[in-house]
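In the working numbering, the protein residues as written are 3 to 290.
Yeah, the Cβ is synthetic: ideal placement off N, Cα and C, and Gly gets one too.
Okay, so here's the structure we're looking at.
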Amino acid sequence: MSEIHQNTETDIVLSLVDLSRYPIADLESPEGSAFLKECQDHMETHGWCNLDGFIRADALAALAGESNTLLPTADVLTIKRNIYQGAIDPNLPESDPRRREYVHVAQQLADDQIPQDTLIQKLYQSELLTDFVRRVQKKQVLYRCADEFQALNVVALHPGSWHAWHYDTTECTVTLLLQAAENGGDFAFLPNSRTDETEDREAVDRLLSGDMSHARKFDRGAGTFTLFRGGYSLHGVTEVLGETPRVTAIMTYDEQEGRVISDDINVRIYGKRVEKILADRAASQANA
Ligand SMILES: O=C(O)CCC(=O)C(=O)O
Ligand SMILES: [Fe+2]
């Protein structure tokens, strides 16, 4: 018997995910447990797990369609940060590429801009999916991120844009590619380029100087579901070429239940819109 709590309504996973290839609703069956073990082993050995064709073709059209309808309401964010998204070793020389701020531009829907009744929210909030993500990482517990802005995001990189090199602030990142670029827009990374103690400086400096020859790239079509240790693997997305924006859903999880991100960080990421929401809320609380 599966221990996870089932939604009273049928889990959305059953209608969106290609369960014949990826039996995530049936992980206790012989096929399901063999599949899970394959994912766990791959994650452990390589630091990533890439499930091509995870979403069924008809469902993918609906998922991409709803995101493309919502995206015009999203802000175009200019995101500036160093690769660590914060703390820099103060001993690094001024000229070190690891001190540099890299800039990219993305049109980004924060969680509060993605209605609860969308397919992508229902997929993210699926207990079956959350439990699968937890088990691939062999975690005892894993929660969806509780932050009202960060939990689920949809990011469009328009032609000419890239996603600057960085480490994530969470250990494992989960993405679903909703719409692929015609060309370029490759997700590229250095698997396990750092640990809690050290960093592979040679590999990192090589990538930051523009040499992609040692970076790992996936062939990712739309509908691919990817888990990777983004907190430990320097990564980014190469420039999107052609006419079509590259659209990804970013699903964030946390081992700590209920943790929210500081207002400062959310304002830095999401800009004026979120600054206003937080200021209005503070003003109405002061008046209450
Ligand atoms: O779009 C992707 O494939 C990766 C995005 C990413 O690295 C991030 O949002 O932290
Ligand atoms: Fe990332």
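Whole-angstrom distance between residue j and residue i, CA atom to CA atom
i	j	result
residue 3	residue 30	Residue confidence is low: residue 3 scores 39 on pLDDT, short of 50, so the model does not pin down where it sits. Its coordinate-derived value is still stated next. One C-alpha to the other measures close to 7 Å.
residue 138	residue 187	26 Å
residue 218	residue 189	8 Å
residue 147	residue 287	25 Å
residue 157	residue 290	36 Å
residue 277	residue 268	8 Å
residue 84	residue 145	28 Å
residue 62	residue 124	14 Å
residue 263	residue 172	12 Å
residue 208	residue 214	8 Å
residue 26	residue 95	48 Å
residue 223	residue 92	40 Å
residue 242	residue 165	9 Å
residue 204	residue 216	11 Å
residue 136	residue 143	7 Å
residue 73	residue 252	14 Å
residue 259	residue 170	19 Å
residue 18	residue 193	29 Å
residue 20	residue 206	36 Å
residue 22	residue 56	10 Å
residue 2	residue 66	For residue 2 there is no data in the structure shown, the boundaries of the chain being 3 and 290.
residue 40	residue 24	11 Å
residue 45	residue 159	27 Å
residue 2	residue 32	Absent from the structure is residue 2, since the part of the chain shown begins at 3 and ends at 290.
residue 58	residue 86	35 Å
residue 6	residue 99	Only weak support exists for where residue 6 lies, its pLDDT of 48 falling under 50; the value from the coordinates is given anyway. Rounded to the nearest angstrom, the two C-alpha atoms are 45 Å apart.
residue 202	residue 60	42 Å
Inter-residue CB distance, residue i and residue j (contact presumed, cutoff 8 Å)
i	j	result
residue 71	residue 179	18 Å between Cβ atoms; not a contact.
residue 117	residue 181	Not quite, the Cβ-Cβ distance comes to about 19 Å (not below 8 Å), so this is no contact.
residue 292	residue 150	Residue 292 cannot be examined here, being either before or after the span of the chain that is shown, 3 to 290.
residue 34	residue 43	Not a contact, Cβ separation roughly 15 Å.
residue 210	residue 167	6 Å
residue 225	residue 185	Not confirmed; about 18 Å, so no contact.
residue 1	residue 75	Residue 1 falls outside the range modelled here, since the chain spans only 3 to 290, and no answer is possible.
DSSP-derived helix/strand/coil call for residue i
i	result
residue 45	helix
residue 30	coil
residue 186	strand
residue 239	strand
residue 118	coil
residue 218	strand
residue 262	coil
residue 208	helix
residue 285	helix
residue 127	coil
residue 193	coil
residue 12	coil
residue 95	coil
residue 63	helix
residue 274	helix
residue 36	helix
residue 90	coil
residue 150	coil
residue 133	helix
residue 279	helix
Which residues DSSP lists as bridging residue i, in chain order
i	result
residue 50	230
residue 104	83
residue 77	110
residue 256	145
residue 155	252
residue 201	196
residue 181	249
residue 165	239
residue 57	19
residue 175	230
### Message
With a threshold of 8 Å, are at least 3 pairs of Cβ atoms found where one atom belongs to the segment 74–94 and the other to the segment 269–278?
### Response
yes
### Message
For the segment 231–241 against the segment 183–198, do three or more pairs of beta-carbon atoms, one drawn from each stretch, fall closer than 8 Å, so that the two count as touching?
### Response
yes
### Message
Quick check: the segment 13–22 against the segment 121–139, are at least 3 beta-carbon pairs closer than 8 Å?
### Response
yes
### Task
Would you check if there are 3 or more beta carbon pairs closer than 8 Å linking the segment 100–109 to the segment 44–64?
no
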